[in-house]
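Chemist:
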Amino acid sequence: MWKEFRDFAVKGNMIDLAVGLAIGAAFTGVVQSLVKDLITPWLGWLL
Numbered sequence: 011m012w013k014e015f016r017d018f019a020v021k022g023n024m025i026d027l028a029v030g031l032a033i034g035a036a037f038t039g040v041v042q043s044l045v046k047d048l049i050t051p052w053l054g055w056l057l
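In the numbering used here, the protein residues as written are 11 to 57.
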């Protein structure tokens, strides 16, 4: 069982998944910062 998992991880699928998760986490932080620092103040000013 360990050999099959290692073969799966070495194929690149696990690396692709890890990179995707890292990019997703970074993108989430950027969007949250954008909303908090730029969009919310403008909405508060308009309302």
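The C-beta atom is built at its ideal place from N, Cα and C for all residues, glycine as well.
M24 and F18: beta carbons closer than 8 Å?
Modeler: Yes, Cβ-Cβ distance for M24 and F18 is below 8 Å.
Chemist: Quick check on the DSSP output: the alpha helix (DSSP H) that includes G22 runs from which residue to which?
Modeler: Premise fails: G22 is in no alpha helix (DSSP H) and is neither H nor E.
Chemist: So for L31, helix, strand or coil by DSSP?
Modeler: Helix, per DSSP.
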